[in-house]
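FYI, the numbering for the sequence shown is 605 to 820, going by the numbering used here. All C-beta atoms, glycine included, are put in the ideal place defined by N, C-alpha and C. Following: one structure in structure tokens, then a few remarks.
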Amino acid sequence: MKLLLMGPPGAGKGSQSKKLVEAYDLQSISTGEMFREAYKKGDPMGEKAMEYIRQGELVDDELTNRVVRERLSHERPDARFLLDGYPRTVNQARALDKILTEKGTRLTAVINIVVDKEVIIERMAGRRVCRQCAATYHTKFRPPRVENVCDACGGDLHQREDDKPASVRNRLNIYESKTRPIIDYYKGRGFLINIDGEQSFEKVFRDIQRALRDLT
Ligand SMILES: [Zn+2]
Numbered sequence: 605m606k607l608l609l610m611g612p613p614g615a616g617k618g619s620q621s622k623k624l625v626e627a628y629d630l631q632s633i634s635t636g637e638m639f640r641e642a643y644k645k646g647d648p649m650g651e652k653a654m655e656y657i658r659q660g661e662l663v664d665d666e667l668t669n670r671v672v673r674e675r676l677s678h679e680r681p682d683a684r685f686l687l688d689g690y691p692r693t694v695n696q697a698r699a700l701d702k703i704l705t706e707k708g709t710r711l712t713a714v715i716n717i718v719v720d721k722e723v724i725i726e727r728m729a730g731r732r733v734c735r736q737c738a739a740t741y742h743t744k745f746r747p748p749r750v751e752n753v754c755d756a757c758g759g760d761l762h763q764r765e766d767d768k769p770a771s772v773r774n775r776l777n778i779y780e781s782k783t784r785p786i787i788d789y790y791k792g793r794g795f796l797i798n799i800d801g802e803q804s805f806e807k808v809f810r811d812i813q814r815a816l817r818d819l820t
């Protein structure tokens, strides 16, 4: 099984991917992690990638494809994995197809978590994080007992820069222009699964499981 998990920032990909990796015994192959590792080792490729990431930009296609090609070259054709953070552009999706075809294999499914833009902005805008213990809250969906005070440690709650509407809109715009076209690229190839992401975490996961079952 080889899965891609797509969806806008704030659609809950992180927690769904963790759960999928456990439930289907998959390796999680994350380009973000590979870049951070390379950076830690002082690899110039890592330095270059981190420059893009720090500026909130996508790492360029050539560099990203090279890292993924190298990483997947160590895997057998029947390896089971979930790709995390890749592909982010149509060029990367094409490169991935090529890498897999050369290995004599292909993707099993592309799971697309669909959430309306305004819903995401509302979700992110309400997020609050404890300055002391990093516990997370939501002003509407998971409010602390006392406003702006952490239930767990009494620490101060704050809003991360990343979660402010202007920043969220910026990331959503990058997603719309660069990443969203990937969905069209995969459309009509029989393995694109659209999942309603405006439901509880459990319901979203059950829908994914059912769709994967129907596929095989
Ligand atoms: Zn706390």
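Please confirm whether any heavy atom of ligand 1 lies closer than 7 Å to the CB of Gln736. yes
Would you identify the three-state DSSP class for Ala738, choosing helix, strand or coil? In this structure, DSSP gives Ala738 a state outside helix and strand, which the three-state scheme calls coil.
Given a cut-off of 8 Å, decide if Glu637 and Tyr643 are closer than it, judged by their beta-carbon atoms. no
Starting from Ser804, trace the beta strand (DSSP E) in both directions and tell me its first and last residue. It is not in any beta strand (DSSP E) - Ser804 carries neither H nor E in the DSSP assignment.
Sort Asp755, Leu819 and Ile812 by Cα distance to Gly794 and report the nearest one. Leu819
Assign Ala697 to one of three DSSP states: helix, strand, or coil. Helix.
Strictly by DSSP, which residues pair up with Glu732? The sequence shown places Arg at residue 732, not Glu. DSSP, once it has assigned bridges, lists Tyr741 as partnering Arg732.
Alpha carbons only, please: which of Thr693, Ala756, Asp811 and Ile799 is nearest the one belonging to Ser781? Thr693
Spatial neighbours of Ser634 in its chain, beta-carbon cut-off 6 Å, leaving aside the 5 residues before and after: Asp688 and Gly689
My understanding is that Gly611 touches Ile717, with C-beta atoms under 8 Å, so please give their C-beta distance in whole angstroms. 3 Å
By the three-class DSSP mapping on this structure, what secondary structure does Lys702 have? helix
For ligand 1, any of its heavy atoms closer than 7 Å to the Cβ of Gly759? Yes.
Is Ala756 near ligand 1, with its Cβ less than 7 Å from a heavy atom? Yes, the beta carbon of Ala756 sits closer than 7 Å to at least one heavy atom of ligand 1.
Hey, Gly708 and Pro681: beta-carbon distance below 8 Å or not? In contact: Gly708 and Pro681 (Cβ atoms closer than 8 Å).
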